[in-house]
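Remarks on the structure that follows.
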Amino acid sequence: MIWIIGGTKDSREIFEKLMEETDRNILVSTATEYGGKLLEEYIRKNKDGKRKLKVISERLNEEQMKKLIQKESINLIVDASHPYAVNVSNSVIKVTDKMNLKYIRFEREMLDYGSENVKKFDSVIDVTEFVRKMEGENILSTLGSNNLEEIKPMGEKNNLYVRILPTVDSVRKAEELGYLPSKIIAVQGPVSKVLNRAMLESYKIDYLITKESGATGGEKEKIEACREYGTTVLVVKRPYIDYGTVYYEIDNLVKDVKNLMF
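Spelled out as structure tokens, the structure:
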């Protein structure tokens, strides 16, 4: 069985292509129920009854990963998790090393968008400290719900708006952390340049915070909208991990998986 570690649009595309071009059993894991539901819907529409297709939606520690690998007879792991899911990738790499399993990584290409209107930071903590020194600015975070607690101090002297997924869990988390409904923008990404621009204008955003999420993560559309409107972009750099075998094109990954498995 192939285990695809998901949570991104890329992982869904890899899953769909492997379904189309191989007859292998496939398991996909996501960290959220939302991601799992999207995959389950696709399976319902496309299952052929010829192989086992399974989706699990939960966060796994290393011990749980080992048990899953043994239970499902997994012999190949395709890590297509989010570029910033550092803990997930590090744990999987450790487990595959210990169990002598084949591990390959799909990584989104980095965008080269220059330095105009852009400031880069090594971590969320660094960008938070930078913003805390400001006062009276309109800030839009597009980091998602995972960093809501870390960035909360940005709103001490500024108007902090947070853009998160329109799920019950995400909105509840924001409200429990004290974010007012007027500061929560719940929308499914990636967001077009036109919609990004409309949000910047509507909330008069001075600074937009994002990650180096690549083309499929909507980074390009954010940068272009900010440059048109005059908003400064604060970018949290992508963390470095030594993945070993890395693919940047889905077709190349699928081709090599076919050669590997048959």
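Heads up, the sequence shown is in our numbering, so the first residue is 1 and it goes up one at a time.
Yeah, the Cβ is synthetic: ideal placement off N, Cα and C, and Gly gets one too.
In this structure V168 is exposed. Its beta-carbon is surrounded by fewer than 16 other beta-carbon atoms within 10 angstroms. Under the three-state reduction of DSSP output, T210 falls in the strand class. Spatial neighbours of K237 in its own chain (CB-CB distance under 7 Å, excluding positions within 5 residues in sequence) are listed in chain order as K120, F121, D122, E212. Counting only the Cα atoms, A31 lies some 25 Å from P181. Restricting attention to N90, Y42, D256, the CA atom closest to the CA of Y240 is found in N90. In summary, G244 is exposed, with fewer than 16 beta-carbon neighbours lying within 10 Å of its beta-carbon over all protein chains present. Nearest in C-alpha terms to N147, of all of V257, V127, G7, is V127.
The secondary-structure analysis by DSSP pairs K119 across a beta bridge with L234. Scanning D242, G36, N252, G136 for the CA closest to the CA of K9 turns up G36. Note that the segment 186-195 touches the segment 216-224; at least 3 beta-carbon pairs, one per stretch, sit closer than 8 Å. Distances from the CA of N259 to each of E21, E16, S11, M154 were compared; the closest alpha carbon is that of E21. About 5 Å separates the beta carbons of L140 and I205, which is inside the 8 Å limit, making them a contact pair.
Rounded to whole angstroms, the gap between the alpha carbons of V246 and S115 is 27 Å.
Contact between the segment 74-85 and the segment 99-108 is present: three or more C-beta pairs spanning the two stretches fall below 8 Å. Counting only runs that start and end inside the segment 100-149, the beta strand (DSSP E) elements of at least 3 residues fall at 102-106, 118-121, 138-141. Going by beta carbons, V88 and I5 fall inside the 9 Å limit. Distance from C226 to N159 at the Cβ level is roughly 17 Å; contact not present, criterion being Cβ atoms closer than 8 Å.
I69 and N196 have their C-alpha atoms some 41 Å from each other. Secondary structure of S29 (DSSP, three-state): strand. Unbroken alpha helix (DSSP H) runs of no fewer than 4 residues, entirely contained in the segment 147-186, are found at 148-151, 168-176, following chain order.
DSSP places D10 in the uninterrupted alpha helix (DSSP H) bounded by 9-21. In this structure R108 is buried. Its beta-carbon is surrounded by 16 or more other beta-carbon atoms within 10 angstroms.
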